[in-house]
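Going left to right, the sequence shown walks through residues 67 to 294 as our numbering numbers them. First comes the structure, then the notes that go with it.
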Amino acid sequence: MTTAVYFDLDGTLCSYAVPFEEQFESTVAPYGEPSEAAYDAYVDRLLDALDSCESEPYRRAFEAVTDRIPLDVTPETLAREYCEVEREASVVSADTRRVLDRVAKTAPIGILTNGDDRQQRSKLEHHGLAEAVDEVIVSNGVDVRKPDRRIFDLAKARLPADDYVYVGDSYEEDVLGARQAGFRTVYVTANDEPADVEAADAVVSSVGDLLEPESLPASIRPTFRTTS
């Protein structure tokens with residue numbers, strides 16, 4: 067029986083060495099004085115654009131910034147420079163790479179993530195992950211986002227298999243969304259203490275924990291067990 071495994075990206079496969087607000091400030095500061103109100107406007111507009119699967123969400127977000135504070139730069143330039151800052155701040159651990167390498171030996175694997183298609187794929191290329199997986203699906207590239215069942219059904223169509231597992235750090239978007247589409251689920255809590263994990267087949271604090279499959283429930287364990 068073939069099991070396909072999909073992973074979320076941000077917060078699951080990669081973390082960030084620099085907080086998002088600091089990334090914003092370092093992008094804006096060469097052109098003017100960043101403010102808390104400008105950052106809030108940026109976040110609100112970016113999330114709205116991503117939720118609506120709009121094109122060029124970072125440019126749209128920085129248009130909201132330049133409407134609020136005087137900056138000697140275009141939104142297009144800010145968006146481009148911010149995306150570079152965010153990409154450089156992203157971190158993929160050695161344990162995460164080991165998990166991907168292990169799973170890839172016995173199962174088709176993919177990345178299913180919300181976000182801007184160009185930006186998410188640039189992170190994958192930056193870390194050499196695009197070559198490590200069989201499929202990449204990004205919400206803004208397919209006009210539907212998690213937890214909508216349609217994006218999980220698309221994931222199934224892209225990697226035909228008998229069974230599916232999804233690994234992600236958002237209970238609502240990843241665990242509930244995938245579970246409703248028939249995936250078994252691994253909830254990455256990042257050391258938080260979630261109140262409700264009922265829909266998760268397994269709960270881990272990081273992707274690296276999957277290197278110790280004997281601690282996982284029997285329904286999930288074989289997917290991450292080494293073949294050696």
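Backbone N, C-alpha and C define an ideal beta-carbon position, used for all residues, glycine too. Everything numeric in this text was worked out from a predicted model, so none of it was measured.
Rounded distance between the beta-carbons of residue j and residue i, thought under 8 Å
| i | j | result |
| --- | --- | --- |
| Ala170 | Ala198 | 6 Å |
| Glu155 | Tyr82 | Going by the sequence as given, residue 155 is Ala instead of Glu. With 8 Å as the limit, Ala155 and Tyr82 qualify as a contact, their Cβ atoms being about 5 Å apart. |
| Thr69 | Val151 | 37 Å between Cβ atoms; not a contact. |
| Ala130 | Ala103 | Not a contact, Cβ separation roughly 10 Å. |
| Ile286 | Ala268 | 5 Å |
| Pro136 | Gly98 | 6 Å |
| Gly176 | Asp200 | 6 Å |
| Ile217 | Leu190 | Not confirmed; about 17 Å, so no contact. |
DSSP state of residue i mapped onto helix, strand, coil
| i | result |
| --- | --- |
| Gly243 | helix |
| Ala268 | strand |
| Ser294 | With a pLDDT of only 48 at Ser294, under the threshold of 50, the placement of this residue in the model should not be trusted; the figure read from the coordinates follows. Coil. |
| Phe218 | helix |
| Asp229 | strand |
| Leu278 | Inspection of the sequence shows that residue 278 is occupied by Glu rather than by Leu. Coil, per DSSP. |
| Ser92 | helix |
| Phe73 | strand |
| Thr251 | strand |
| Val210 | coil |
| Ser81 | strand |
| Val204 | strand |
Euclidean distance between Cα positions of residue i and residue j
| i | j | result |
| --- | --- | --- |
| Pro226 | Val157 | 30 Å |
| His192 | Ala256 | 23 Å |
| Arg277 | Tyr237 | The displayed chain sequence assigns Leu, not Arg, to residue 277. Rounded to the nearest angstrom, the two C-alpha atoms are 22 Å apart. |
| Cys80 | Arg211 | 19 Å |
| Glu120 | Arg111 | 11 Å |
| Phe290 | Asp133 | 49 Å |
| Phe86 | Leu113 | 13 Å |
| Arg58 | Pro100 | Residue 58 lies beyond the range of the chain shown here (67 to 294); nothing can be said about it. |
| Ser159 | Glu91 | 26 Å |
| Leu116 | Gly234 | 18 Å |
| Ser294 | Ala221 | Residue confidence for Ser294 is low, a pLDDT of 48 falling below 50, so the modelled location carries little weight; the figure read from the coordinates is stated next. C-alpha separation (whole angstroms): 29 Å. |
| Glu147 | Asp209 | 25 Å |
| Thr78 | Glu122 | 24 Å |
| Gly194 | Ala127 | 28 Å |
| Pro141 | Tyr105 | 14 Å |
Sequence-distant residues of its chain with Cβ nearer than 7 Å to residue i (five each side left out)
| i | result |
| --- | --- |
| Asp183 | Val204, Asn206 and Gly207 |
| Asp219 | Ala247 |
Cβ shell of residue i (< 6 Å), same chain only, five flanking positions each side left out
| i | result |
| --- | --- |
| Tyr232 | Tyr72, Ala244, Phe249 and Thr251 |
| Glu239 | Lys212 and Pro213 |
| Val84 | Ala155 |
| Asp138 | Tyr97 |
Cβ neighbours of residue i in the same chain (closer than 8 Å, five flanking residues each side left out)
| i | result |
| --- | --- |
| Met67 | Asp228 and Asp229 |
| Arg153 | Gln185, Ser188, Lys189 and His192 |
| Pro174 | Thr68, Ala70, Val71, Asp200, Glu201, Leu225 and Ala227 |
Next item on the list: Starting from the N-terminal side, write out each stretch of the alpha helix (DSSP H) that is 4 residues or longer and does not extend beyond the region 97-182.
Entry: When DSSP assignments are scanned along the region 97-182, the uninterrupted stretches of alpha helix (DSSP H) that are 4 or more residues long and fall wholly within it turn out to be 102-117, 123-132, 141-155 and 160-170.
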